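Note that the sequence shown covers residues 1 to 846 in the numbering used here. Heads up, the thing below is written out as structure tokens.
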Amino acid sequence: MHDGLRAERNVSAFWALSAERVMEELGTGPDGLTEDEAAERLRKYGSNIPREMRRPGDLFLLLSQFRSPIVLLLVFAALLSVYLHQTIEAGIVLAIVFASGILGFWQERTAADTIARLLAMVQVRATVLRASSEKEIPVENIVPGDIVILKAGDIIPGDCRIIESRDLFVNEAALTGETYPVEKIDEDLPADAPLAERRNSLFMGTNVVSGRATAIVVHTGRDTEFGRISHHLELRRPETDFERGLRNFGYFLMELTLLLVVAIFAINVYLNRPVLESFLFSLALAVGLTPQLLPAIVSVNLAHGAREMATLRVIVRRLASIENFGSMNVLCCDKTGTLTEGAAKMHAALDVDGKENQNVFLLAYVNAFHETGFTSPIDQAILSYRQPDVSGFEKLDEVPYDFVRKRLSILVSRDEENIMITKGALRNVLEVCSSAQTSDGIVALDSVKENIQQIFSDYSSKGYRVLGIAFRKISGRPVTKDDERDMTFLGFLIFFDPVKEGIAKTVADLAGLGVSLKMITGDNKLVASTVGEQVGLRKEIVLTGSDLRRVSDEALQRLVRDVDIFAEVEPNQKERIILAIRRNGDVVGYMGDGINDVSALHASDISISVENAVDVAKDAADIVLMEKDLNVLHRGVVAGRKTFANTMKYVFMATSANFGNMFSMALLSIFLPFLPMLPVQVLLTNLLTDLPEMAIASDSVDPEYLVRPRRWSIRFIRNFMAVFGMLSSLFDYLTFGALLFLLHATTAQFRTGWFMESVISASMVVLVIRTRRPFFRSVPSRYLIISTLAVGAAAFLLPYTPLGGLFMFTPLPLSFLAATVVIVAVYVLTAEVAKSHFYRRSTAFA
Numbered sequence: 001m002h003d004g005l006r007a008e009r010n011v012s013a014f015w016a017l018s019a020e021r022v023m024e025e026l027g028t029g030p031d032g033l034t035e036d037e038a039a040e041r042l043r044k045y046g047s048n049i050p051r052e053m054r055r056p057g058d059l060f061l062l063l064s065q066f067r068s069p070i071v072l073l074l075v076f077a078a079l080l081s082v083y084l085h086q087t088i089e090a091g092i093v094l095a096i097v098f099a100s101g102i103l104g105f106w107q108e109r110t111a112a113d114t115i116a117r118l119l120a121m122v123q124v125r126a127t128v129l130r131a132s133s134e135k136e137i138p139v140e141n142i143v144p145g146d147i148v149i150l151k152a153g154d155i156i157p158g159d160c161r162i163i164e165s166r167d168l169f170v171n172e173a174a175l176t177g178e179t180y181p182v183e184k185i186d187e188d189l190p191a192d193a194p195l196a197e198r199r200n201s202l203f204m205g206t207n208v209v210s211g212r213a214t215a216i217v218v219h220t221g222r223d224t225e226f227g228r229i230s231h232h233l234e235l236r237r238p239e240t241d242f243e244r245g246l247r248n249f250g251y252f253l254m255e256l257t258l259l260l261v262v263a264i265f266a267i268n269v270y271l272n273r274p275v276l277e278s279f280l281f282s283l284a285l286a287v288g289l290t291p292q293l294l295p296a297i298v299s300v301n302l303a304h305g306a307r308e309m310a311t312l313r314v315i316v317r318r319l320a321s322i323e324n325f326g327s328m329n330v331l332c333c334d335k336t337g338t339l340t341e342g343a344a345k346m347h348a349a350l351d352v353d354g355k356e357n358q359n360v361f362l363l364a365y366v367n368a369f370h371e372t373g374f375t376s377p378i379d380q381a382i383l384s385y386r387q388p389d390v391s392g393f394e395k396l397d398e399v400p401y402d403f404v405r406k407r408l409s410i411l412v413s414r415d416e417e418n419i420m421i422t423k424g425a426l427r428n429v430l431e432v433c434s435s436a437q438t439s440d441g442i443v444a445l446d447s448v449k450e451n452i453q454q455i456f457s458d459y460s461s462k463g464y465r466v467l468g469i470a471f472r473k474i475s476g477r478p479v480t481k482d483d484e485r486d487m488t489f490l491g492f493l494i495f496f497d498p499v500k501e502g503i504a505k506t507v508a509d510l511a512g513l514g515v516s517l518k519m520i521t522g523d524n525k526l527v528a529s530t531v532g533e534q535v536g537l538r539k540e541i542v543l544t545g546s547d548l549r550r551v552s553d554e555a556l557q558r559l560v561r562d563v564d565i566f567a568e569v570e571p572n573q574k575e576r577i578i579l580a581i582r583r584n585g586d587v588v589g590y591m592g593d594g595i596n597d598v599s600a601l602h603a604s605d606i607s608i609s610v611e612n613a614v615d616v617a618k619d620a621a622d623i624v625l626m627e628k629d630l631n632v633l634h635r636g637v638v639a640g641r642k643t644f645a646n647t648m649k650y651v652f653m654a655t656s657a658n659f660g661n662m663f664s665m666a667l668l669s670i671f672l673p674f675l676p677m678l679p680v681q682v683l684l685t686n687l688l689t690d691l692p693e694m695a696i697a698s699d700s701v702d703p704e705y706l707v708r709p710r711r712w713s714i715r716f717i718r719n720f721m722a723v724f725g726m727l728s729s730l731f732d733y734l735t736f737g738a739l740l741f742l743l744h745a746t747t748a749q750f751r752t753g754w755f756m757e758s759v760i761s762a763s764m765v766v767l768v769i770r771t772r773r774p775f776f777r778s779v780p781s782r783y784l785i786i787s788t789l790a791v792g793a794a795a796f797l798l799p800y801t802p803l804g805g806l807f808m809f810t811p812l813p814l815s816f817l818a819a820t821v822v823i824v825a826v827y828v829l830t831a832e833v834a835k836s837h838f839y840r841r842s843t844a845f846a
């Protein structure tokens, strides 16, 4: 064991200390912690997650079910009833409120557990030294004193002091606002160095762009710079259209509810009815009118959708993104690994004359063999092509690859000569060359440029990827990117990456769902055009990175409508393309897995990555595919649309039958000499009508609903509420008339008959509203049918049981039951006819 845990969380101004001193303060060493030490520190200091991002505890989740002001007022009024010795009624009110809260708590907790299990499948992991051995662990298990090993694409798992680094560049834009990556090195700094100048420190939430480093974790969780900032800032991501629509819809209903309830309470008091009973009745109406289970219903639907998508190997990291996934109508993706197999294979190494050349391959192999900054499929393809003897080469230095230069340079020594070998995109390599190596010797580059371009075009037009390789003899060391000049062009590296089998059909299937595909790639225009044609994209217009630099944002917004292929694109241009498409009103998904995709992932409506992506891309993603396959994505889109459809079904239900029933009851209370229902009966009605709606997450969805993207429409919902709410109220008043004037019901019979009709009609109309088809041509899920029939049966039987007496119901004669059956049957048929006319006249969800 290292000495104690005395100071792990108190190493202030650690950037002013040497790495050795920091290790001493943290009670660790170059070999890292032992597993026992790490476990003890994890127990003591908790998970490496900022407090604001942690899942709320069960007690908080339970109490949050009762945070509605209306529910709190109802509880207060019930307790006041207990004080006034109305114990039984108050107890029933409290029991129903508590039962509703428990139901919401159970549903939300189940949803949260589901998401936690899914997220565990796509954890961001970090490489640490534990007792001298490297191992990968989830970032949340990192503790102060851990020694972490970092490479390009890794997210920094805590605030760290660098022990050693090599060509290390880190993106700190999220923390400091600095646009460009900053170089990090082990150096001494003063204690008052500002955050942006702490070059020997790494901070949680930033990411490695290139190079490698070993560092010691000093602070984790809320003690990091990120954690301290997040304590004062709201960490919520921007609202999706769906979330914003739900919020506005909730405000709309709340305003209507409060207006109605205050008016009903005032009128009942004016009519000299008991104040407390009128108050309880008004609050009970408010509970019935307010979609109090909407958050739970939405969570359950989204969690159910996430679980279904997980079976399709699509992991949802952010629940709210499911709606955007279903609404997506444009998908942007890279070429490599998405449209092609992604396993680059080397075809040939050619000299300037286009002939196979062993020396070209030898230098390409040396370059790939000694590269340490960023492991790429290209290097893997070179290393697996052949294995020449490179023992005579000694690596001296490296200039890591970056996505602006698009070059990688390695400085090696051989036979007492220092040679810098540079490979990369052909155009970028030619930019730093002034001569070329031919069979006749070294000549001026301009004399062979035409031949180089011809070879490039010939291979690119056949779908091959063509890189360039160059060299320069150099005397000094180390080298920087400024030394990439006056080089000698050596030849070509030819690679092939075949198009995936069946990808053209997949692209066509996505188009059938209303999702158009756009390819954004860094590859050259000819390769991109060839691959685009093979998969079924329009190739008439291909926009390149240089084209993008010449057009304005307004012009680009018009151009993107007619362009499917973007080639030779730089990372920052990907973001610009995404934003231009979004400005046209499209919902844009972007699929990426590399460091250069992060800005585009953040700019998109729905960010999609893959399980084996670099950490920073995976962390930025809303959706993670366990396979980089558009077929998987296609199935995920369908599942996302099902989830959205079932969520909207609940919204329609909450705004039709339930709303109509409560509205009818509120108005009738003005004219009747008694309350149409007692407060406990209103609450019971609300609870029972919610039960079938809880099963909506499992419901089937009609195939025609899935053929195009769907979006939230508050106008459509208001229209739906007006039509079906009024229809519900119309049949409520028919029920009132039948009970009062035809059947001459007593007060208890009226309340019982009205309870039966309202619960049964609200339950049965669910089967009508859930589909645009005639209800008998769309089969609901088993759970929805069972819950609907069970609630209907409970409403019929309750008055005939001892429990009915507690709610002050009375058994009804057969004539009352027959009238209820007839009214409900006519209501269901009328709702079916009204639905058909409504959808024919509506365009929002057509």
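Backbone N, C-alpha and C fix where the C-beta goes; we use that ideal spot for every residue, glycine too. Quantities reported herein were computed from a predicted structural model and do not represent experimental measurements.
8 angstroms Cβ cutoff met for residue i and residue j
i, j, result
"I760", "T820", "yes"
"V217", "A152", "no"
"A697", "N301", "yes"
"V651", "L706", "no"
"V399", "S409", "yes"
"T530", "G463", "yes"
"S604", "V588", "yes"
"G221", "G46", "yes"
"V616", "I155", "yes"
"V828", "V765", "yes"
"K345", "N418", "no"
"V756", "F796", "A small fix is needed here, since residue 756 is Met in this sequence, not Val. Yes; because the gap between Cβ atoms is below 8 angstroms, this pair is in contact."
"K184", "L168", "yes"
"S758", "L691", "no"
"G753", "L734", "no"
Residue range of the unbroken alpha helix (DSSP H) whose run includes residue i
i, result
"P571", "P571 to R583"
"T544", "Premise fails: T544 lies in the beta strand (DSSP E), V542 to T544, not in any alpha helix (DSSP H)."
"L743", "No alpha helix (DSSP H) contains L743, which DSSP labels as neither H nor E."
"L556", "D553 to L559"
"I823", "L814 to R841"
Expected contact under 8 angstroms - CB spacing of residue i and residue j to nearest Å
i, j, result
"M328", "P709", "6 angstroms"
"I520", "K574", "5 angstroms"
"V432", "A470", "7 angstroms"
"G640", "G305", "7 angstroms"
"Q749", "F671", "About 18 angstroms separates the two Cβ atoms, so there is no contact after all."
"I442", "T488", "6 angstroms"
Beta strand (DSSP E) segment containing residue i, residue limits
i, result
"F169", "D159 to N171"
"F492", "M487 to F496"
"N418", "E417 to A425"
"N207", "N207 to H219"
"S607", "I606 to V610"
"T127", "R125 to R130"
"E136", "S133 to P138"
"R472", "R465 to K473"
When the options are compared against residue i, the one with the closest alpha-carbon
i, options, result
"A131", "S552, E37 and V610", "E37"
"P673", "L59, G91 and R273", "R273"
"A621", "S552, H634 and S607", "S607"
"Q358", "T338, Y733 and R386", "R386"
"D402", "S384, R161, L383 and T372", "T372"
"V22", "V124, D146 and E134", "D146"
"L789", "M808, L767, D629 and L806", "L767"
"M648", "T127, I769 and N200", "I769"
"E40", "A19, E136 and P144", "P144"
"G32", "E704, V128, L548 and F14", "V128"
"I623", "D482, I315 and F720", "I315"
Three-pair Cβ contact test at 8 angstroms for the segment 314-329 versus the segment 444-462: no
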